[in-house]
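Take a look at the structure set out below.
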Amino acid sequence: MHQELAQPETCPFTWLDITNPTPDELNDVAKQYGLYETVVKDCLEPDHLPKFEVIGTVSFLITRIYDPKENKEADTIQDLSSKIAIFYSTDFLITVHRKSQPVLEDIRHRFIDTGHCKSTADLAIRIVRWVLNSYVDPGLKLANDLDEHESTIFLRKKSPHVLQSLYYLKRKASSAKRILTLSEDILACLRRIEGNSPLLQDTQDLHVKATTIYDQVQDSVTHLLNIYLSLSSQRTNEVMRVLTIFSAFFLPLTFIAGIYGMNFKYMPELDWKAGYPAVLIFMVAVAAGIYLWFKRKGWI
């Protein structure tokens, strides 16, 4: 679907927005605006990572916007984000994407219709800024989810899926961080070509903010995973400690019972009248001795 979001009659340039084009439709647009075949092929790849290049008088960039409809278990770049390709020159800007992007309509209403956008470079920077901004709220949500997992772990609430949730959280943060890292090259190219305008500097600050959020989430998840594994190991050690104490008590008692349970014909103690109570007293004494020794060592 083709839609002109800005026209030369009301704006210094043309803004053509294309949603889910076929190869033939995109080739027709490429011929009309003099776009190179190589970048058109990149434009058709839904999994393409962020990039920026200049071919002739046309600047071409690919960015990936955070998908608000991503599911809970989405943890790859392709699942978390959608690609937006941008071609721009002096008198035109073309956006290409497979999914409908309401953010582009918002940009048109806020900057094109009000006359605040005077050039295609300015519009391209604003689109990149809004794309970067789409990662801020999801990053803060991941941080909040991490706080909940932290409470669950330290309060020792029963939650069998904590480890799996932390894994997905770490994967989400890692994928988003990779997109933001690649987007840094786009900002560097824009700064080199268009100069360091206040808008671009503001976009750079937003990029630093988003990157910092995901850096903190990644570090916190790694730290929390280590704590979770340490606590799990500690709980296992506590169980083994209790079992060892029980074994220490019952091993000598079982040994004594085993000796007198043997069916040898000549065992004088079996004929003693006080043999049974003597063995019981001896067992109690052994158990008491083990208890006092453990108590003295501070093991119980």
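For what it's worth, the working numbering labels the leading residue of the sequence shown as 8, then goes sequentially.
C-beta atoms are modelled at their ideal positions from N, C-alpha and C, and glycine is treated no differently.
Annotation: the continuous beta strand (DSSP E) that includes S66 extends over V65 to Y73. Relative to I263, the option among V47, H104, H156 and G282 whose CA is nearest is G282. With a cutoff of 8 angstroms on beta-carbon distance, T218 and L187 are scored as near each other.
For the pair S126 and L232, the Cα-to-Cα distance works out to about 48 angstroms. Annotation: D24 is outside any alpha helix (DSSP H); the continuous beta strand (DSSP E) that includes it extends over T21 to T26. The three-state reading of DSSP puts I307 in coil, since its state is none of H, G, I, E or B.
In this structure, F99 places its C-beta atom within 8 angstroms of the C-beta atom of T21. By the beta-carbon neighbour count (other beta carbons within 10 angstroms, threshold 16), A92 is buried. Distances from the CA of F253 to each of I220, A294 and G146 were compared; the closest alpha carbon is that of A294. In the structure shown, K48 adopts helical secondary structure according to DSSP, grouped into three states. Per the Cβ contact rule, the stretch 66-73 is not in contact with the stretch 23-39 (fewer than 3 Cβ pairs under 8 angstroms).
DSSP places H156 inside the alpha helix (DSSP H), whose first and last residues are V143 to F161.
Note: Y95 is bridge-paired with S66 and L100 in the DSSP secondary-structure output. K90 sits in a strand when the DSSP states are folded into three classes. Straight through space, the alpha carbons of V138 and D222 are spaced by roughly 18 angstroms. In the three-state reduction of the DSSP assignment, K179 falls in the helix class. In this structure, A180 sits near V224, with a CB-CB distance shorter than 8 angstroms. Taking 8 angstroms as the cut-off, the Cβ atoms of L176 and L213 do not count as close.
The C-beta distance from Y235 to V169 rounds to 7 angstroms, short enough to fall under 8 angstroms.
Residue burial annotation: D24 is buried, with at least 16 other C-beta atoms found within 10 angstroms of its C-beta. Taking the C-beta atoms as reference points, N27 is found no nearer than 8 angstroms to R115. Pairing L33 with S182 gives a Cβ-Cβ distance that is not under 8 angstroms. A straight line joining the alpha-carbon of I84 with that of S141 spans about 14 angstroms. In this structure C18 is not in contact with V103, their Cβ atoms being roughly 19 angstroms apart against a cut-off of 8 angstroms. DSSP assignment within the stretch 202-268 yields the following whole alpha helix (DSSP H) runs of 4 residues or more, N-terminal first: 205-267. DSSP lists no bridge partner for Q108.
Judged by beta-carbon spacing, D82 lies within the 8 angstroms limit of R178, meaning their Cβ atoms are closer than that value.
The C-alpha of F94 is placed about 18 angstroms away from the C-alpha of L189.
Take the alpha-carbon of I101 and the one of L153: they are about 39 angstroms apart.
Between the alpha carbons of N244 and L250 lies a gap of roughly 10 angstroms.
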